[in-house]
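Sequential numbering of the sequence shown, starting at 122, is according to my numbering. Beneath this line is the structure, given in structure tokens, with notes to follow.
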Amino acid sequence: MITIFNRKELLITMEMKRQSEVRDILSHNGIDYTVKTMNLQSSAAVGSNRSRVGSFGVNQKYSYEYKIYVHKKDFEKAMALIK
């Protein structure tokens with residue numbers, strides 16, 4: 122089980138294809154992982170940039186950030202596999 126106390130950040134990407142490839146590699150090699158997805162264009166509780174200026178001209182391809190975490194004991198193996 123991966124928790125905040127025993128995980129290590131393996132990758133940060135804004136490319137859906139890249140995060141999918143890395144997840145496939147980890148799965149095929151039996152490495153547990155968790156993914157945190159953040160919508161960079163989402164509304165904040167107080168307000169967001171999008172609510173003030175809209176999303177015209179914003180490349181939607183880069184509106185999500187994906188962080189992939191693995192267990193600390195699997196980090197070196199995972200890094201070697203995704204290079």
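All residues carry an ideal CB built from backbone N, CA and C; glycine is no exception. As the structure is a prediction and not an experimental result, all values here were calculated from the model.
- Only residues of its own chain outside the window of five on either side were considered, and among them Y185, Y187 have a CB closer than 7 Å to the CB of T158, listed in chain order.
- The residue among N160, M122, F126, I133 with its C-alpha nearest the C-alpha of M200 is I133.
- In the three-state reduction of the DSSP assignment, I189 falls in the strand class.
- For I133, the enclosing beta strand (DSSP E) has its first and last residue at 128 to 134.
- In this structure, DSSP gives M122 a state outside helix and strand, which the three-state scheme calls coil.
- Residue environment for L131: buried (at least 16 other C-beta atoms within 10 angstroms of its C-beta).
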